[in-house]
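Below: one structure, written as structure tokens.
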Amino acid sequence: MMPSQRIFRHISFLRTLPSFAGAARPSVKPFSSALTPCFLPPSLSVIRTHSSSTASLSLSPSRMTNSDVNASNYRQTHQSRCQTLSTQASAFGEDVLSHYEGMDLEGNSVGYAMEMLAKADAVCFDVDSTVIDEEGIDVLAETLGKGPEVSAWTLKAMNGNIKFEDALAARLDIIKPSRSDIATCLERHPLRLTPGVDRLVEALQKRGTHVYLVSGGFRLMIEPVAQTLGVNASNIYANTILFDNDGNYAGFDPNEPTSADQGKPKALRMIKEKYSYGTMVMVGDGATDAQAKPPADAFIGFGGVVVRDAVREKACWFVRDFDTMIDIVSRFGRK
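If you use numbering that gives the first Met the number 0, the sequence shown corresponds to residues 0 to 334, in order.
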């Protein structure tokens with residue numbers, strides 16, 4: 000049975016709910032044009048030492064030329080950038096990174112992010128364009144004939160060009176969804192899981208890592224997704240739409256942590272403090288997800304649905320599918 004079919008089976012309850020509120024280093028891409036790729040002029044040789052987790056770079060005397068002074072300056076300027084891609088990682092993190100030699104990796108501290116994923120007590124996922132392959136509020140708006148207006152606001156919010164609470168209020172004012180509207184939307188268009196996320200969640204839970212869904216979307220739309228993934232409803236941190244006694248839209252609960260800008264850091268802090276997690280990772284596609292580090296120990300940007308440059312630049316590790324994450328979780332136990 001397809002994930003969307005399973006989700007469909009769980010949405011009928013919406014109409015009945017009451018109203019409420021060390022080895023060779025892999026190729027790693029830096030992002031910003033100010034951060035040039037880690038390569039060296041031909042006159043520089045690379046010497047790897049076993050006493051350090053980073054490569055030791057030196058001039059080969061037999062190849063010294065008059066230009067080697069400039070080359071040496073180049074080395075000193077850019078060596079620090081090469082090292083920062085994984086200097087936060089421990090020896091264990093370097094070992095994890097070494098297993099993915101030859102892969103086209105992206106991020107500011109990939110080895111560290113891999114290490115944090117391997118050790119994580121809890122992993123928090125954004126939902127829209129991460130756990131599912133679309134934006135839930137845009138799907139709802141399209142169903143109600145308000146697609147283009149709402150999509151424009153969603154793009155502003157995800158790129159960090161406007162405060163999230165302003166974008167949320169503006170979009171809800173446009174669509175004013177009733178309880179029945181949401182149920183009808185999910186019946187006609189069950190939300191689709193992003194390929195591989197179900198296997199990643201399963202692998203995390205199998206080894207004892209707790210999974211949370213932390214979203215600026217709507218709880219009513221996320222609950223069927225959570226049930227399909229086997230995530231407890233209590234592990235959902237999302238926005239609550241308010242309805243009157245007739246089920247008509249009556250606003251949203253401003254007390255939900257994810258209803259405002261900087262809401263995801265607040266939600267993760269609440270989770271981390273409540274359960275005393277030692278290591279927590281945030282995974283998501285948007286600017287609001289990048290804000291969640293800290294308190295998240297690492298931020299893994301996800302570009303499998305949409306690539307946002309602002310997110311790529313801030314991500315410890317930027318991925319375009321879940322395959323390598325699944326492999327790390329399955330291969331490396333929590334250390």
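All C-beta atoms in this analysis are idealised placements derived from N, C-alpha and C, irrespective of residue type, glycine included. Every value quoted in this text rests on a predicted model; they were computed, and no experiment measured them.
| Check | Outcome |
| --- | --- |
| Contacting residues, own chain, Cβ-Cβ under 7 Å from Val-196 (five flanking each side not counted) | Val-130 and Phe-321 |
| Exposure label - Lys-273; buried when at least 16 CB within 10 Å | exposed |
| Per-residue burial, Gly-101 [other beta carbons within 10 Å of its own, 16 or more giving buried] | exposed |
| Proximal residues to Ala-140 (C-beta, below 6 Å), its chain only, five neighbours per side dropped | Gly-146, Val-149 and Ile-174 |
| Inter-residue spacing [alpha-carbon to alpha-carbon] between Phe-301 and Ile-235 | 19 Å |
| Where Asn-234 falls: helix, strand or coil (DSSP) | helix |
| Nearest-angstrom beta carbon gap, Pro-294 and Lys-271 [assumed within contact, 8 Å] | 5 Å |
| Those runs of the beta strand (DSSP E) which lie wholly inside the stretch 89-155 and span at least 3 residues | 121-124 |
| Nearest-angstrom Cα separation, counted from Ala-237 out to Glu-255 | 7 Å |
| Beta-carbon proximity of Arg-178 to Gly-250, cut-off 7 Å | no |
| Beta-bridge partners of Val-282, as assigned by DSSP | Phe-124 and Ile-299 |
| Sufficient close CB pairs (3 or more, under 8 Å) joining the stretch 303-310 to the stretch 279-288 | yes |
| Any 3 or more C-beta pairs closer than 8 Å across the stretch 261-269 and the stretch 208-223 | yes |
| 8 Å CB neighbourhood of Ala-225 in its chain, flanking five on each side removed | Leu-212, Asn-231, Ala-232, Asn-234 and Ile-235 |
| Proximity to Gln-87 [Cα-Cα], best of Val-109, Asp-103 and Tyr-99 | Val-109 |
| Sheet register partners of His-209 (DSSP bridge) | Ala-121 |
| Residue from Phe-91, Gln-290, Arg-307 and Thr-257 with nearest C-alpha to Met-113 | Phe-91 |
| Simplified DSSP assignment, three categories, for Leu-241 | strand |
| Thr-153 beta carbon less than 7 Å from that of Glu-133 | no |
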